[in-house]
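Asker: Chains as they are written, first to last, in my numbering: chain A, 1 to 319; chain B, 1 to 324.
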Amino acid sequence: MDLTNERLVEMYIAMNKIRTFENRVAELFADGKIPGFVHLYVGEEAVATGVCANLTDKDYITSTHRGHGHLIAKGGDIKLMMAELFGKKTGYCKGKGGSMHIADLDLGIMGANGIVGGGPPLAAGAALACQYLDSKSVAVCFFGDGASNQGTTHEAMNLATCWKLPVVFINENNMYGISSCTINSMCVPNVADRAAAYDMPGVVVDGNDVVAVCEAAGEGIDRARQGRGPSLIECKTYRHRGHFEGDPCAYRDDSELEEWKEKDPIPRLEQKLKEMGVLTDEKIQEIKDKLQNDLAEAEKFAEESPFPDVSELLEDVYS
Amino acid sequence: MPNMTFAQALNDAHKIEMSRDPNIYVAGEDVGVYGGIFGVTAGLLDQFGEKRVKDTPITESAIVGTAVGAATVGLRPVVELMFVDFIGVALDQLYNQAAKMKYMFGGKARIPMVLRAACGAGIGAAAQHSQCLEALFMHIPGLKVVMPSTPSDAKGLLIQAIRDDNPVVFLEHKMLYALEGDVPEGDYTIPFGQADVKREGTDVTVVATANMVHTALSAAEKLAGDGISVEVVDPRTLYPLDEEGIINSVKKTHRLVIVHEEVKFAGSGAEIAAMVAEKAFDYLDAPILRVAAPFCPVPFSHPLEQAYIPSEGQVIEAVKKVMA
Ligand SMILES: Cc1ncc(C[n+]2csc(CCOP(=O)(O)OP(=O)(O)O)c2C)c(N)n1
Ligand SMILES: [Mg+2]
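Below is the structure:
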């Protein structure tokens, strides 16, 4: 795949958009503006960005508890997301869902998920609908290394190959499920090795290289679109922050984090684009200023929005 | 008596029992190195080692299922589900396997296991991390259901649960983990099926569970100012249920209000109300009232979540209503 300079810059912007959003959310959480559980995507931006660069609004994704990056990469609105994180009425879910349940069905975003392993069967189901309706759309399932050990994930993969569903399983292997390291939680080196058990392609990519992710995901997505069945793509990456905000992270070494920061996907692409002459320092500053402005606007919108009224408590339980 | 938090009291119970019985093992997600997301299993890995304190992959079906299997053939597993909401992933192993095995096998099996889980709203954790599901477990013959409200009860009930030869679901309201209280030292048990009168009174019986015991107690304090004497009864175990303890209180007060955080519709209060109506109707001077969550998932937004959780004000209102 030959990515045009324009697409590369778009991906650069998307990754920065996720990073600035997440960094600000960390501050807002620390200030007590955002309650509950917040799981940030800092360090993993290349995965959602590279994958979603291959999708349209007609395609579906299922996300995880660490879902802000998926939503932004799929074209979601940070204003509505920020308002939701604040628990405001104007948020994506009218304040009822919060960070772990952000969804935008109009954009094919079938929700973040509070249940690890909740997404894979849902993605397979969306793919079943695409196949059934012959829509040529596909479904993409983001799931973690931890989620790869859930029965639901395996059941969904098996059924997806049995039925040749147009779904791509994107494993975000950041080496940990909370404190549980993959060294202890699985006995094959790669999540992608498990694809063999379901007779689907299993590919490992550098999850901190957005171009590599984009290309590998593109192949899987094309394959799904052509009716050739599912695939599993494992993106090796790392989360820079704790599992959730407030996690002291005592289970991993600082040196490990430092090593991974060297492989930070954003400076890597930035360096590359500068070398290619596609981006200059001024252009980069311009991009970052614009993102900061948009973010400030989103935050203002969230701050100024009202909380839902207590009378809304019993709305939306049934259709 | 040492002062401890609810979480420390549970931790103490683990240590006492694991020191006593080498066949007890602890397993669950992040129970070892992390010490449990709520700190309940802190220090167990250092004290008892990896063989007995097992960090697991994210695999609830297998965490619960291996406990059932191991218990069937002689171990005494104490496993943690982190959030009770995750039981959906593992439900078959609990309610079709653990709960029914003894009966289906004509009495031949014994399943001495404890499934601990955090429940309850109050921290903005939203719909999949905030439920109270005690009625779901109460509905399954073969399971015992424990729901403590104080540090000392938590310790005595957990030791009892570990020594029980049946699958026990042990529900820990997450707003209670930091609650401090006096906890007796060493080894003691609190028998199942023994309600505890948390406050004596003569006008109205309020049966409350877990965090709602404290809501009921503060309501009772306020009501005392209005000259209404409230007796707060904590069943402590929902199965077995201390029917006699509850009925004895109703015989004294002639009025009953039931308070729990799980949804009112088909909640544990429905069972308690029906039991009292069946067995002590003649003692009642007013209809039984329930104060419980509305029939919706737990909302994220703070004002909605606060409106969802039964409040002191609602308890006061219900008590005044049965007094009217
Ligand atoms: C069924 C279920 N079990 C456990 C949890 C608690 N939990 C939330 S996130 C998480 C770790 C997930 O690890 P992974 O899938 O690798 O995703 P990551 O957090 O690394 O992005 C755990 C154990 C949960 N939310 N749902
Ligand atoms: Mg992970």
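C-beta: ideal position from N, C-alpha, C; glycine also. All values derive from a computational prediction rather than experimental measurement.
From residue 307 of chain A to residue 93 of chain A, what distance separates their C-alpha atoms?
Answerer: Position 307 of the first sequence, counted from the start, is the residue given in the question as residue 307 of chain A. Position 93 of the first sequence, counted from the start, is the residue given in the question as residue 93 of chain A. The straight-line gap from Cα to Cα measures roughly 12 Å.
Asker: Between residue 198 of chain A and residue 152 of chain A, is the Cβ-Cβ spacing less than 8 Å?
Answerer: By 1-based counting over the first sequence, the position of residue 198 of chain A is 198. By 1-based counting over the first sequence, the position of residue 152 of chain A is 152. In this structure, residue 152 of chain A does not lie closer than 8 Å to residue 198 of chain A by Cβ.
Asker: Quick one: give me the first and last residue of the alpha helix (DSSP H) that residue 303 of chain B is part of.
Answerer: Residue 303 of chain B sits at position 303 when you count from the first residue of the second sequence. Looking at the DSSP string, the run of the alpha helix (DSSP H) that includes residue 303 of chain B is 302 to 308.
Asker: Around ligand 2, what residues have a beta-carbon under 7 Å from a heavy atom of it, in chain order?
Answerer: A/144, A/145, A/146, A/172, A/173, A/174, A/175, A/176 and A/177
Asker: Count the other CB atoms within 10 Å of the CB of residue 148 of chain A; is the residue buried (16 or more) or exposed (fewer)?
Answerer: Reading the first sequence from its first residue, position 148 is the one you call residue 148 of chain A. Looking at its Cβ environment, which holds 16 or more other Cβ atoms inside 10 Å, residue 148 of chain A is buried.
Asker: Using only the heavy atoms of ligand 1, determine whether one of them is closer than 7 Å to the beta carbon of residue 115 of chain A.
Answerer: Within the first sequence, the letter at position 115 stands for residue 115 of chain A. Answer for residue 115 of chain A: yes, Cβ within range of ligand 1.
Asker: For residue 296 of chain B, which residues in chain A fall below 7 Å Cβ to Cβ?
Answerer: Here residue 296 of chain B corresponds to residue number 296 of the second sequence, with the count starting at 1. What residue 296 of chain B touches in chain A: 313, 314 and 317.
Asker: Quick one: any contact between the region 65 to 77 of chain A and the region 274 to 289 of chain A, if contact means 3 or more CB pairs under 8 Å?
Answerer: no
Asker: Enumerate in chain order the residues of its own chain whose CB-to-CB distance from residue 326 of chain B is below 7 Å, with the five nearest sequence positions on each side excluded.
Answerer: Chain B is shown only over 1 to 324; residue 326 of chain B falls outside these bounds and no answer can be derived.
Asker: Can you tell which of A/317, A/276 and A/127 has its C-alpha closest to the C-alpha of residue 3 of chain A?
Answerer: For this step, residue 3 of chain A is matched to residue 3 along the first sequence. That would be A/276, whose Cα lies nearest to the Cα of residue 3 of chain A.
Asker: State the CB to CB distance for the pair residue 32 of chain B and residue 55 of chain B, rounded to an integer number of angstroms; the pair is presumed to be in contact (CB under 8 Å).
Answerer: Start at 1 with the first residue of the second sequence, and residue 32 of chain B comes out as number 32. Start at 1 with the first residue of the second sequence, and residue 55 of chain B comes out as number 55. Between residue 55 of chain B and residue 32 of chain B the Cβ distance is about 4 Å, and since that is below 8 Å, they are a contact.
Asker: Below 7 Å, is the gap between the Cβ of residue 89 of chain B and the nearest heavy atom of ligand 1?
Answerer: Position 89 of the second sequence, counting from 1, holds the residue named residue 89 of chain B. Yes, Cβ of residue 89 of chain B sits closer than 7 Å to a heavy atom of ligand 1.
Asker: Less than 7 Å separating the Cβ of residue 66 of chain A from some heavy atom of ligand 1?
Answerer: Counted from its first residue, the first sequence places residue 66 of chain A at position 66. Yes, the beta carbon of residue 66 of chain A sits closer than 7 Å to at least one heavy atom of ligand 1.
Asker: Using DSSP's beta-bridge definition, name the partner residues of residue 178 of chain B.
Answerer: Here residue 178 of chain B refers to the residue found at position 178 of the second sequence. DSSP, once it has assigned bridges, lists no residue as partnering residue 178 of chain B.
Asker: Between the Cα of residue 170 of chain A and the Cα atoms of A/7, A/81 and A/221, which residue gives the shortest distance?
Answerer: Stepping through the first sequence from its first residue, residue 170 of chain A is reached at position 170. Considering only alpha carbons, the answer is A/221.
Asker: Check whether the region 133 to 140 of chain B and the region 288 to 297 of chain A touch, using three or more Cβ-Cβ pairs below 8 Å as the test.
Answerer: no
Asker: What are the boundary residues of the alpha helix (DSSP H) that includes residue 103 of chain B?
Answerer: As a position in the second sequence, residue 103 of chain B is number 103, starting the count at 1. Start and end: 101 to 104.
Asker: So within the region 152 to 202 of chain A, which uninterrupted beta strand (DSSP E) runs reach at least 3 residues, ignoring any that extend past its ends?
Answerer: You should have 167 to 173.
Asker: Could you give the C-beta distance for residue 206 of chain B and residue 257 of chain B, rounded to a whole number, given that I count them as a contact under 8 Å?
Answerer: Counting from one through the second sequence, the residue named residue 206 of chain B turns up at place 206. Counting from one through the second sequence, the residue named residue 257 of chain B turns up at place 257. With a Cβ gap of about 5 Å, residue 206 of chain B and residue 257 of chain B count as contacting.
Asker: The region 171 to 183 of chain A: which residues have C-beta closer than 8 Å to a C-beta of chain B, in chain order?
Answerer: 177, 178, 179 and 180
Asker: Quick check on residue 189 of chain A - is its C-beta less than 8 Å from some C-beta in chain B?
Answerer: Residue 189 of chain A sits at position 189 when you count from the first residue of the first sequence. By this cut-off, residue 189 of chain A is not an interface position.
Asker: On a Cα-Cα basis, can you pick out the residue from A/50, A/129 and A/100 that is closest to residue 118 of chain A?
Answerer: For the purposes of this step, residue 118 of chain A is identified with residue 118 of the first sequence, where counting begins at 1. When C-alpha distances from residue 118 of chain A are compared across A/50, A/129 and A/100, the shortest belongs to A/100.
Asker: Quick check on residue 103 of chain B: buried or exposed, where buried means 16 or more other Cβ atoms within 10 Å of its Cβ?
Answerer: Taking the second sequence and counting its residues from 1, one reaches residue 103 of chain B at position 103. Label assigned to residue 103 of chain B: exposed.
Asker: Label residue 106 of chain B either buried or exposed according to how many other C-beta atoms from any shown protein chain fall within 10 Å of its C-beta, with 16 as the threshold for buried.
Answerer: Along the second sequence, read from residue 1 onward, the residue named residue 106 of chain B stands at position 106. Residue 106 of chain B sits exposed, since fewer than 16 C-beta atoms from the chains shown fall within 10 Å of its C-beta.
Asker: Tell me where the beta strand (DSSP E) around residue 77 of chain B begins and ends.
Answerer: For the purposes of this step, residue 77 of chain B is taken as residue 77 along the second sequence, with counting starting at 1. First-last of the beta strand (DSSP E) with residue 77 of chain B: 76 to 83.
Asker: Under 7 Å: does the beta carbon of residue 58 of chain B sit that close to some heavy atom of ligand 1?
Answerer: Here residue 58 of chain B refers to the residue found at position 58 of the second sequence. Because some heavy atom of ligand 1 lies under 7 Å away, the Cβ of residue 58 of chain B counts as near it: yes.
Asker: Mind checking which residues open and close the beta strand (DSSP E) that includes residue 4 of chain B?
Answerer: Against the second sequence, residue 4 of chain B aligns to sequence position 4. Unbroken beta strand (DSSP E) run through residue 4 of chain B: 3 to 5.
Asker: Indicate, with yes or no, if ligand 3 has a heavy atom lying under 7 Å from the CB of residue 252 of chain A.
Answerer: Of the ligands this structure carries, namely ligand 1 and ligand 2, none is ligand 3.
Asker: For a minimum of 4 consecutive residues, which ranges assigned as the alpha helix (DSSP H) are wholly contained in the region 177 to 256 of chain B?
Answerer: 211 to 225 and 243 to 253
Asker: Label residue 47 of chain B either buried or exposed according to how many other C-beta atoms from any shown protein chain fall within 10 Å of its C-beta, with 16 as the threshold for buried.
Answerer: On the second sequence, residue 47 of chain B is found 47 positions in, with the first residue counted as 1. By the neighbour-count rule (16 or more Cβ atoms within 10 Å), residue 47 of chain B is not buried but exposed.
Asker: If you draw a straight line from the alpha carbon of residue 5 of chain B to that of residue 39 of chain B, how long is it in whole angstroms?
Answerer: On the second sequence, position 5 is the one that residue 5 of chain B refers to. On the second sequence, position 39 is the one that residue 39 of chain B refers to. Approximately 11 Å, taken between the alpha carbons.
Asker: Using a Cβ-based criterion (distance less than 7 Å to any ligand heavy atom), does residue 86 of chain B qualify as near ligand 1?
Answerer: By 1-based counting over the second sequence, the position of residue 86 of chain B is 86. Indeed, a heavy atom of ligand 1 lies less than 7 Å from the Cβ.
Asker: Candidates B/204, B/265 and B/264: which alpha carbon is nearest residue 324 of chain B's?
Answerer: As a first step, residue 324 of chain B must be located in the second sequence, where it is residue number 324. Ranking the options by Cα distance to residue 324 of chain B, first place goes to B/204.
Asker: Could you compute how far the alpha carbon of residue 154 of chain B sits from the alpha carbon of residue 57 of chain B?
Answerer: Position 154 of the second sequence, counting from 1, holds the residue named residue 154 of chain B. Position 57 of the second sequence, counting from 1, holds the residue named residue 57 of chain B. Between residue 154 of chain B and residue 57 of chain B, the C-alpha separation is close to 27 Å.
Asker: Please determine if the region 75 to 92 of chain A and the region 122 to 135 of chain A are in contact, where contact requires at least 3 C-beta pairs separated by less than 8 Å.
Answerer: no
Asker: Tell me whether residue 29 of chain B, by its Cβ, gets closer than 7 Å to a heavy atom of ligand 1.
Answerer: In the second sequence, the residue the question calls residue 29 of chain B occupies position 29. Yes; taking the cut-off as 7 Å, the Cβ of residue 29 of chain B has a heavy atom of ligand 1 nearer than that.
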